[in-house]
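Let me begin by presenting the structure, written as structure tokens, before commenting on it.
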Amino acid sequence: MAQKTAAKKSKKMTSVLPQALWRKIGSNYLLTNDSGHHAWLKEKDFALVTAGGMTELHPLFAELAVKGFIRNRLDFNDLAAKWKKKNAYLNYGPGLHILVMTLRCNHKCLYCQSSAAGVGDKKTDMNLATARKSVDFAFNSPNPGITIEFQGGEPLLNWEVLKGAVEYARKRSGTAGKELKLALVSNFSLMTEEKADFLLKNEVSLCTSLDGPKNLHDKNRICSSGNSHSDTVKWIKYFQKRCKKQVPEYRVFKPSALLTVSKYSLPRHKEIIDEYVRLGLEDIFVRPLAPIGYARKLWGTIGYDAADFAKFYLKSLDYMLKLNRRGVVIREKMATMMLDKIVNLQDPGYLDARCPCGAAIGQIAYNHNGDLYTCDEGRMVGWEGDDIFRIGNVFKDSYKKVMTDPVTKVCVVSSNLEAQPACARCAYKPYCGVCPVYNYEVQGSLWGNIPSNDRCGLFKGILDTLFTLLKSPGNAEILNKWVTK
Amino acid sequence: MTKINLSVKVNAKDYNLDAVRYAAYAVSDAAYVFIKPAVGCVVVEFTPKTAAAKNVSARFKEELKDEKLRASIFDANRDLREFMILKALAYEEVPAGVRQEDSGLTPEQEKELDDLIAQVEGEIKKESAGNKTKDPLGITRTWEEKYGSKNGRKKK
């Protein structure tokens, strides 16, 4: 009875829109809020909501109320809990620690962002003392989960130090009481059974680069042996075999691969995805090329604009959905991370798309000589002679000093979306992030000019695609499965 | 720089300068935008950067309208949003074991219940206040109300 009376009374109650963001896509409006909820509205409903004219009788009222779009129906505890979950990273220090074992590389990839040195240039190798000091520094972070990623150049070219760093990190985690994840990013060309055994026994997850079928991969990833694709494929298969034969002593992770999309990849989305499926890889990270490092100099030859990438991304996603409908398990990594935010309202740990970005406060790049950078991209800018993103050195600076360094602060401030006029008004703010390094390299300032920023165009394209796909129940069912824990 | 070939007059009564600036920033991918004061209005001039600047004045007007709506919603919710974010920052999840049982009521029903309780409490208070006059023996009065403090009596 009391409930009936309450309902009767509130039928007259009109909606008032609390803080919300919107974007017109086609003839509909996408509405989002700080907690990460979203809702689609037709033009007339959008006008009704913004004018405060929507009553409880409206078919969308209940949905909008639950999602926090009706001001007099806000569930503060629920929305606060969701906001906190979505921004959980604000409570921790850097979780990702990238150790550059060497700048030497036996590949000369067209787009190399890692700014590699020649194979003989051993002065760019990290020594064991620096590796240990870097591991110690990483454990200073208050983050309860630490990931140490060994990168290069080609990190296997500095195997003995890599091995020593892995052993030291494992030993250190025993006393630090933190969860430790170890990862290696390698082209696998120098992998041996002995090295593979050591890495697997120490639970190092393995990631490589795979740009698609042999002729495309080898065109992008030029190797002195001329067999980059064959080496990569051989070891992907090896690690998959080991993963299938799990042993009780340690966990063997599935190997993963990264795709870098060059201009040559654009017309070949099907072949690339088919290659991943053929190799039994279940995730494909369709990564756009960034005009940073070596790629910047060659941008005219290998680069493309946001619109070209958006088309490629849409075609790729569409093809993956088709394959999923046929029962093939293949997921797109960028979509998975964005969907985790959109569907599960949680942070997937994607440092490139969060507010503030992960520079220094989410990740640190440790150069071979112990110099610390806000991120690997910042380190690459340094390698080109501009040390603007250097935040210290493991031998000279304390963790506190690095975290309060002016460069750390300016990266936090410039990647705070609330302070970016275009981002603060964008419906994709709850899911997106800006990159001060990209802005600096491409637009000449840490803040950049977001309306003309190609990275922004690229993210908008990806998010437009995902939100549009989610509107169709068939696609939504598949996409939701990608992020079902 | 290309010659200025587009301009829009914005009535200062309809739009404040902040809205004009934000709308101008939004179209800064297509054109350089110059905002000039004039009597009762501002004049917004566009110098195209690219061919996409053809419809820049129409885009600007759209952005301006949108910005006015955004600003009104932002102003109406500033305190609420600050409260929400402060609440979220201070929010601590209650472990599952000690979580209070959900009443099963919606926030509105909770509010209605609270109002009802307050109303009943008020009525009880009123009633008890009324009964006071019908309490010739002073049964509902405390010892202190009747006789003052113990110390006071001792002194007497």
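Chains as they are written, first to last, in the numbering used here: chain R, 47 to 531; chain C, 1389 to 1544. Cβ atoms here follow ideal geometry from the backbone N, Cα and C, with glycine treated the same way. Note that this is a predicted model, so its numbers are computed, not measured.
For residue i, does the three-state DSSP call read helix, strand or coil?
i, result
"residue 1479(C)", "coil"
"residue 546(R)", "Only positions 47 to 531 of chain R appear in this structure, which leaves residue 546(R) out of reach."
"residue 207(R)", "helix"
"residue 281(R)", "helix"
"residue 330(R)", "strand"
"residue 1440(C)", "helix"
"residue 365(R)", "helix"
"residue 375(R)", "coil"
"residue 303(R)", "strand"
"residue 295(R)", "coil"
"residue 545(R)", "Since the first residue shown for chain R is 47 and the last is 531, residue 545(R) is missing from the structure and cannot be characterised."
"residue 514(R)", "helix"
"residue 83(R)", "coil"
"residue 502(R)", "helix"
"residue 75(R)", "strand"
"residue 1452(C)", "helix"
"residue 1400(C)", "coil"
"residue 1419(C)", "strand"
"residue 337(R)", "coil"
"residue 493(R)", "coil"
"residue 1426(C)", "strand"
"residue 227(R)", "strand"
Excluding five sequence neighbours on each side, which residues of the same chain lie with their C-beta closer than 6 Å to the C-beta of residue i?
i, result
"residue 135(R)", "393"
"residue 69(R)", "76, 473"
"residue 383(R)", "394, 396"
"residue 1487(C)", "Low per-residue confidence applies at residue 1487(C): pLDDT is 49, beneath 50, and the placement is therefore not dependable, though the value from the model is reported in the following sentence. No residues qualify anywhere along the chain."
"residue 468(R)", "496, 497"
"residue 361(R)", "315"
"residue 202(R)", "232, 236"
"residue 410(R)", "140, 143, 418"
"residue 219(R)", "226"
Run the CB neighbour count on residue i, radius 10 Å, all protein chains shown included, and call it buried at 16 or more, exposed below.
i, result
"residue 1505(C)", "exposed"
"residue 213(R)", "exposed"
"residue 296(R)", "exposed"
"residue 195(R)", "buried"
"residue 107(R)", "buried"
"residue 1375(C)", "Given a span of 1389 to 1544 for chain C in the structure shown, any question on residue 1375(C) remains unanswerable."
"residue 1507(C)", "exposed"
"residue 270(R)", "exposed"
"residue 352(R)", "buried"
"residue 519(R)", "exposed"
"residue 1477(C)", "exposed"
"residue 188(R)", "exposed"
"residue 191(R)", "exposed"
"residue 508(R)", "buried"
"residue 168(R)", "exposed"
"residue 338(R)", "buried"
Kindly list the residues whose CB is nearer than 8 Å to the CB of residue i, restricted to its own chain and excluding five residues on each side of it in sequence; keep chain order.
i, result
"residue 1399(C)", "1428, 1429"
"residue 475(R)", "67, 78, 401, 463, 469"
"residue 293(R)", "none"
"residue 369(R)", "319, 323, 376"
"residue 532(R)", "The first residue shown for chain R is 47 and the last is 531, placing residue 532(R) beyond what the model contains."
Quick one: residues in its chain with C-beta nearer than 7 Å to the C-beta of residue i, no 5 flanking neighbours on either side, listed in chain order?
i, result
"residue 1407(C)", "1452, 1455, 1456, 1459"
"residue 111(R)", "119"
"residue 1431(C)", "1395, 1397, 1424"
"residue 1501(C)", "1493"
"residue 249(R)", "228, 296, 297"
"residue 1463(C)", "none"
Check your understanding: Fully enclosed by the stretch 97-172 of chain R, which alpha helix (DSSP H) runs are 4 residues long or longer?
Key -> Fully enclosed alpha helix (DSSP H) runs of 4 or longer: 107-112, 122-132.
Check your understanding: Using Cβ-Cβ distances below 8 Å, what residues of the stretch 64-88 of chain R are close to chain C?
Key -> Taking 8 Å as the Cβ-Cβ cut-off against chain C, the residues of the stretch 64-88 of chain R that qualify are 64, 65, 66, 80.
Exercise for review: Counting only runs of 4+ residues fully inside the stretch 403-485 of chain R, write out the alpha helix (DSSP H) ranges in chain order.
Suggested key: Those alpha helix (DSSP H) runs which fall completely within the stretch 403-485 of chain R and span 4+ residues are 422-429, 445-449, 452-460, 467-470.
Point to revise | Residues of the stretch 116-128 of chain R whose Cβ lies closer than 9 Å to any Cβ of chain C, in chain order | key: 117, 118, 119, 120, 121, 122, 123, 125, 126, 127, 128
Check your understanding: Taking only runs of the beta strand (DSSP E) that begin and end inside the stretch 229-292 of chain R, which ones reach a length of at least 3 residues, in chain order?
Key -> Counting only unbroken stretches of 3 or more residues, the beta strand (DSSP E) elements lying wholly within the stretch 229-292 of chain R are 250-255, 267-269, in sequence order.
**Study point:** Against chain C: residues of the stretch 461-473 of chain R by CB proximity under 8 Å
**Key:** 467, 468, 471
Exercise for review: Identify each residue in the stretch 1423-1443 of chain C for which the Cβ-Cβ distance to at least one residue of chain A is less than 7 Å, and report them in chain order.
Suggested key: Protein chains in the displayed structure are R and C, and chain A is not among them.
Practice item. Using a Cβ-Cβ cut-off of less than 7 Å, list which residues of the stretch 489-514 of chain R approach chain C; keep chain order. Key: 495, 497, 498
Point to revise | chain R contacts from the stretch 1399-1422 of chain C (Cβ-Cβ distance under 9 Å) | key: Within the stretch 1399-1422 of chain C, the residues whose Cβ lies closer than 9 Å to some Cβ of chain R are 1409, 1410, 1413, 1414, 1415, 1416, 1417, 1418, listed in chain order.
Review point. When you check each C-beta in the stretch 91-103 of chain R against every C-beta of chain C, which residues fall closer than 8 Å?
Key: 96
Review point. Going along the stretch 1443-1456 of chain C in order, which residues come within less than 7 Å of chain R, judged by CB to CB distance?
Key: When CB distances to chain R are screened at a threshold of 7 Å, not a single residue of the stretch 1443-1456 of chain C falls below it.
Point to revise | Near-chain C residues of the stretch 127-147 of chain R (beta-carbon distance less than 7 Å), N- to C-terminal order | key: Listed by position along the chain: 127, 129, 130.
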